[in-house]
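Heads up: the sequence shown begins at 16 in the numbering used here, then just goes up one per residue. All residues carry an ideal CB built from backbone N, CA and C; glycine is no exception. Notes follow the structure.
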Amino acid sequence: MKKAYVFPGQGAQFVGMGKDLYESSPLAKEMFDNANEILGFNITELMFSGTDEDLKQTKVTQPAIFLHSVILAKTLGDEFKPDMTAGHSLGEFSALVAAGALSFEDGLKLVYARALAMQKACEANPSTMAAILTLPDEKVEEICKSIDDVVVPANYNCPGQIVISGTMNGIERACELMKEAGAKRALPLKVGGAFHSPLMESARVELSEAIESTSFSKPICLVYQNVTTVGESDPEVIKKNLIAQLTSPVKWTQSVQNMIADGATDFVELGPGSVLQGLISKIDKSVTVSGKQ
């Protein structure tokens with residue numbers, strides 16, 4: 016019986032996120048106020064009473080979700096006793112801070128640097144993503160490889176749900192071919208760019224410098240990383256995987272399966288929304304899934 020804490024990625028945000036925490040916990044208030052100072056703008060105001068449009072900006076979305084998730088974990092105090100942690104894309108930074116591999120301040124600075132670098136890469140390379148439903152992984156991979164433009168699997172979310180990333184033309188062509196191959200849906204997503212694809216190379220280079228110059232510690236438990244899908248505790252390996260993550264697929268299905276194989280029976284999602292709870296239930300119905308926000 017092992018407990019796994021998981022942390023959501025971009026797309027889980029909502030107006031009002033974290034406000035209850037801020038108002039009910041002195042520690043949370045202190046951490047949110049500290050975050051405003053570190054970032055140099057009032058992110059709590061945007062989180063608690065901004066607009067959906069405010070929160071959709073990558074430079075706001077990513078630190079907002081990180082803050083909600085990490086501060087929630089910190090306010091649990093002694094109740095937070097993870098046997099393992101993992102996070103989806105951006106959520107991996109939350110998982111690392113919650114597990115003590117990174118300080119709160121350094122984690123926030125890296126997340127903000129990541130958001131700005133990704134925003135720049137999106138503007139330099141107009142690109143997009145699409146969700147593909149009910150096709151086997153192998154078929155999706157095969158179709159992606161058959162297209163001349165950059166098109167790659169970006170998120171292995173759960174069996175029968177893969178998100179692909181690529182150029183505008185590439186994704187449009189891929190969606191046509193996926194439907195012809197029997198996909199129930201091949202739906203372009205409203206995102207700013209092709210995350211977790213080679214089109215994020217400039218962001219990867221920029222972020223790698225920030226990660227290399229940041230101090231990482233050995234976490235209190237194994238952290239299952241998106242790139243390798245296995246539990247890691249070596250700070251140098253963690254850094255290497257974190258750098259590779261921006262241009263590599265998020266192997267969420269495989270990570271959850273490995274956590275379960277390693278004894279996880281109880282998954283708790285910390286942070287906004289309940290997306291990961293839904294995905295984990297689809298990956299394996301035998302585990303217990305819950306969430307706090």
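- In terms of CA proximity to Ser228, Lys255 leads the group Lys255, Asn51, Leu148, Ser305.
- Within the same chain, and ignoring the five residues on either side of Glu156 in sequence, the residues whose Cβ sits closer than 7 Å to its Cβ are Pro168.
- With 16 or more neighbouring CB atoms inside 10 Å of its own CB, Lys266 falls in the buried class.
- Taking every protein chain shown into account, the CB of Pro141 has fewer than 16 other CB atoms within 10 angstroms, so this residue is exposed.
- With respect to the C-alpha of Ala116, the residue from Thr303, Ile253, Pro287, Gly286 having the closest C-alpha is Ile253.
- Excluding sequence positions up to five before and after Ile298, its CB lies within less than 6 Å of the CB of Cys173, Thr268, Val271, all in the same chain and listed in chain order.
- With a cut-off of 8 Å on Cβ pairs, the segment 198–213 is in contact with the segment 172–188, counting three or more such pairs.
- DSSP places Ala110 inside the alpha helix (DSSP H), whose first and last residues are 106–113.
- Of the candidates Ile258, Lys307, Leu87, the residue whose Cα lies closest to the Cα of Ile226 is Ile258.
- Cα atoms of Pro287 and Glu195: separation of roughly 36 Å, rounded to the nearest angstrom.
- When only Cα atoms are considered, Lys71 and Ala276 end up about 36 Å apart.
- With distances taken between CA atoms, Val165 lies nearest to Glu187 out of Leu222, Ala50, Glu187, Val304.
- Positions of the beta strand (DSSP E) runs, each at least 3 residues long and wholly inside the segment 237–307, are given as 237–239, 279–285, 303–307 in order along the chain.
- The count of Cβ pairs closer than 8 Å, one atom from the segment 230–248 and one from the segment 122–138, stays below three, leaving the stretches out of contact.
- CA-CA distance, Asp163 to Thr143, rounds to 16 Å.
- Where Gly122 is concerned, the enclosing alpha helix (DSSP H) starts and stops at 119–139.
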